[in-house]
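First residue of the first sequence? That's 0 in numbering that gives the first Met the number 0, and the numbers climb one at a time after it.
Where a beta carbon is used, it is the ideal one built from N, C-alpha and C, also for glycine.
These figures come from a predicted structure and were not determined experimentally.
Okay, structure first, notes after.
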Amino acid sequence: MSEVRVRFAPSPTGYLHIGGARTALFNWLFAHKMGGKLILRIEDTDIARLKEDSVSQILTSLKWLGLTWDEGPEVGGNYGPYYQSERLDLYKKYCDQLLEEGKAYYCFCTPEELEAEREKQRLAKQPFRYARTCREIPLEEARARIAAGEKPSVRVKIPQEGSITVHDLIHGDVTFSMDQYDDFVIMKSNGIPTYNFAVVVDDHLMQMSHVLRAEEHLSNTPKQLLIYEALGWEPPKFGHMSMILAPDRSKLSKRHGATSVEEFRSQGYVAPAIVNYLTLLGWGPGDEREVFTLEETVKLFELEQMSKKAAIYDTKKLTWMNGQYLSELPLDAILPEVKPFFVEAGLVDEAWLDANEEYFAKLIDTVRVRVKTLQEVVDASTYFFKDVEAYDEKGVAKHFKPEAIELLEKCMAALEADEVFDLESTEAIYNKISEDNGLALGKVIHPTRLALTGRTVSPGMFDVMVLLGKERTLARMAKAIEYIKTL
RNA sequence: GGCGCUAUGGUCAAGCGGCUAAGACGUCGCCCUCUCAAGGCGAAAUCACGAGUUCGAUUCUCGUUAGCGCUACCA
Numbered sequence: 000m001s002e003v004r005v006r007f008a009p010s011p012t013g014y015l016h017i018g019g020a021r022t023a024l025f026n027w028l029f030a031h032k033m034g035g036k037l038i039l040r041i042e043d044t045d046i047a048r049l050k051e052d053s054v055s056q057i058l059t060s061l062k063w064l065g066l067t068w069d070e071g072p073e074v075g076g077n078y079g080p081y082y083q084s085e086r087l088d089l090y091k092k093y094c095d096q097l098l099e100e101g102k103a104y105y106c107f108c109t110p111e112e113l114e115a116e117r118e119k120q121r122l123a124k125q126p127f128r129y130a131r132t133c134r135e136i137p138l139e140e141a142r143a144r145i146a147a148g149e150k151p152s153v154r155v156k157i158p159q160e161g162s163i164t165v166h167d168l169i170h171g172d173v174t175f176s177m178d179q180y181d182d183f184v185i186m187k188s189n190g191i192p193t194y195n196f197a198v199v200v201d202d203h204l205m206q207m208s209h210v211l212r213a214e215e216h217l218s219n220t221p222k223q224l225l226i227y228e229a230l231g232w233e234p235p236k237f238g239h240m241s242m243i244l245a246p247d248r249s250k251l252s253k254r255h256g257a258t259s260v261e262e263f264r265s266q267g268y269v270a271p272a273i274v275n276y277l278t279l280l281g282w283g284p285g286d287e288r289e290v291f292t293l294e295e296t297v298k299l300f301e302l303e304q305m306s307k308k309a310a311i312y313d314t315k316k317l318t319w320m321n322g323q324y325l326s327e328l329p330l331d332a333i334l335p336e337v338k339p340f341f342v343e344a345g346l347v348d349e350a351w352l353d354a355n356e357e358y359f360a361k362l363i364d365t366v367r368v369r370v371k372t373l374q375e376v377v378d379a380s381t382y383f384f385k386d387v388e389a390y391d392e393k394g395v396a397k398h399f400k401p402e403a404i405e406l407l408e409k410c411m412a413a414l415e416a417d418e419v420f421d422l423e424s425t426e427a428i429y430n431k432i433s434e435d436n437g438l439a440l441g442k443v444i445h446p447t448r449l450a451l452t453g454r455t456v457s458p459g460m461f462d463v464m465v466l467l468g469k470e471r472t473l474a475r476m477a478k479a480i481e482y483i484k485t486l
């Protein structure tokens, strides 16, 4: 059996969205499972929808997710170029071949004429199909008209009856009747191939063994099969994966909030969590596990097990998953990801980070078990960087001025003397203050008291004082007292 | 309009003719708790509808409905 070669072929019209990421993921999985290769190809033939920077964004997202490719942009390969815009001569060559063999023809109909025709058919409640107006124009005559300045498109001649069956790896055999297809355009009048043509030429030339893509392409597959046949090529095996829908069951778009990998990243999700979640959306390891690595998935992955059903993605579960990874990932994997969030929040700068590496690492390690996103790591940490006034939004400190000072002083005294703290002596005051949900003081005092009494509530909180250190803690408390006195 | 794909709780998802219809997220309740979380335990919640096949349908067949996709000189 020949080598397995699959591809991910995004169109650079924006960021990599999670649907695309999932397609890439399952191709990656399949390639690795089969010991094959993953090829990345950029389908940039739609000049109108092209977006600047889109390619580099997509590559960045793929790399961030850990979905590496064996051939394509940045890594090269023997079947390049890997940008469709650089393969125009190839498409022209095969288009000419089809023209020459009488399997395709020039079409001089204008978009306006075609639109009018379609409108007529729509009103008559007829299927919309091209009337094959130009099908019988002799090649010589067509060439003469081109020489005279006309700019035609090229259409393939397709059989007008019969049926064609797609043997889909996921859906099984799907049969389409030919009468719903028309002689479709393979080469636009501007000399750029259409998707259905370019994809066939590329997939064949790049020697794809399997084409795994989103289900939206299933209905187009017969057209591609027809082109394979016209060109005398053997088609690859196809597998169409279900799509990912927005929570309202519609197609993903910007109005649904975060849909691109980049957005999820900036909201504080980590790559392995996204990959794990995406895997679960349409496939499972067969047992009850929910959290597993890419490596484990590679071993167990079976294309045939993929769900045929379109899946709605659920941010809640992704968030939960992210929390799992945040507490289990090696600290070294999290540190570089979380740093930008701290800088972004204005809590610290690069210089501080460099100077306080050890402290920072310990801080993250303390906080990460209780939060679900990197953004929450920051939120939970602000407390180590800001003083009491930053928390006292409700004016609790002022309201309980004498009590607050008494409480703080007792804590400080105990801390300074390294005494075991007498919980009873401050309980009443503490409760009085915290009843009002006045957590401002609680955030300064509570952990200290916990540490002093040696009682553990949550590992995170118990570590707080240890983390801050005695001197730092004392300083904080002194500052808090000073602040409260000014109220 | 035509054609195609799909159809188990709010979401993902096991199930492949006989089960009290797994599990996960979320929700709710309880426990833990000197903050907030995390964690532990438990509960509620599902076979779209209608025929047929069968001793017996979530499971097979057909139809209906719904969602999505394709029907472009978009990909």
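Quick one: grab the DSSP three-state call for residue i.
i: S162; result: strand
i: R264; result: helix
i: Y14; result: coil
i: P192; result: strand
i: K156; result: coil
i: V5; result: strand
i: G19; result: helix
i: C410; result: helix
i: R212; result: strand
i: T455; result: With a pLDDT of only 45 at T455, under the threshold of 50, the placement of this residue in the model should not be trusted; the figure read from the coordinates follows. Reduced to three states, the DSSP call for T455 is coil.
i: H170; result: coil
i: F175; result: strand
i: K250; result: strand
i: G238; result: strand
i: L39; result: strand
i: C108; result: coil
i: E73; result: coil
i: I81; result: The sequence as given places Tyr at residue 81; Ile does not occur at that position. In this structure, Y81 counts as coil in the three-state DSSP scheme.
i: V184; result: strand
i: A197; result: helix
i: L244; result: strand
Which residue's Cα is closest to the Cα of residue i: the options?
i: M207; options: S55, V198, I46, E214; result: V198
i: M411; options: T365, R475, D331; result: R475
i: L97; options: A146, L230, Y78; result: L230
i: M186; options: V54, T44, T220, L225; result: T44
i: E51; options: P11, A245, R86; result: P11
i: W319; options: T278, A272, A310; result: A272
i: I163; options: R128, K222, L113, E114; result: K222
i: A379; options: H398, E408, V337, E118; result: V337
i: V155; options: D167, Y93, K119; result: Y93
i: G35; options: K400, P401, V297, E356; result: V297
i: T472; options: A413, L317, F25; result: A413
i: A103; options: D182, S259, D88, L217; result: D182
i: V74; options: S53, Y90, R40, F25; result: R40
i: Q56; options: R21, I46, Y90, H16; result: H16
Please report the distance separating the alpha-carbon of residue i from that of residue j.
i: S457; j: R369; result: Annotation note: pLDDT 44 at S457 (below 50); position unreliable, coordinate value reported separately. About 9 Å.
i: G18; j: I243; result: 6 Å
i: S306; j: H239; result: 10 Å
i: A8; j: K308; result: 22 Å
i: L438; j: Y14; result: Summary for L438: the model assigns pLDDT 49, below 50, so the residue's position carries little reliability; its value from the coordinates is reported in the next sentence. Straight-line Cα distance between these residues: approximately 41 Å.
i: R4; j: I38; result: 7 Å
i: T455; j: P335; result: A caution first: T455 carries a pLDDT of 45, below 50, which makes its placement in the model unreliable, though a value can still be read off. Looking at the two C-alpha atoms, the distance is approximately 30 Å.
i: K119; j: A147; result: 31 Å
i: I404; j: H255; result: 49 Å
i: E343; j: G190; result: 47 Å
i: E100; j: A141; result: 15 Å
i: F399; j: L486; result: 11 Å
i: Y78; j: G161; result: 35 Å
i: Q266; j: E2; result: 39 Å
i: E402; j: T381; result: 25 Å
i: L346; j: V377; result: 9 Å
i: W219; j: I226; result: It should be pointed out that residue 219 corresponds to Asn in this sequence rather than to Trp. For N219 and I226, the distance between alpha carbons rounds to 11 Å.
i: G459; j: L317; result: In this prediction, G459 has a pLDDT of 48, which is less than 50 and means its spatial position is unreliable; what the coordinates show is noted afterwards. One C-alpha to the other measures close to 23 Å.
So residue i packs on residue j, CB below 8 Å; how close in whole Å?
i: I333; j: R288; result: No, I333 and R288 are not in contact; Cβ-Cβ is about 22 Å, not under 8 Å.
i: F340; j: L373; result: 5 Å
i: D353; j: L330; result: In fact, because the Cβ distance is near 17 Å, the residues do not count as touching under 8 Å.
i: Y180; j: I157; result: 6 Å
i: D201; j: R86; result: 7 Å
i: V165; j: F237; result: 6 Å
i: A270; j: L64; result: 5 Å
i: L224; j: P235; result: Actually they are not in contact, since the Cβ atoms of L224 and P235 sit about 10 Å apart, beyond 8 Å.
i: L299; j: P284; result: 5 Å
For the segment 173–180 and the segment 71–82, state whether three or more C-beta atom pairs, one from each stretch, are separated by less than 8 Å.
no
Would the segment 123–140 count as touching the segment 100–113 if we require 3 or more Cβ pairs under 8 Å?
yes
Contact between the segment 29–39 and the segment 204–223: three or more CB pairs below 8 Å?
yes
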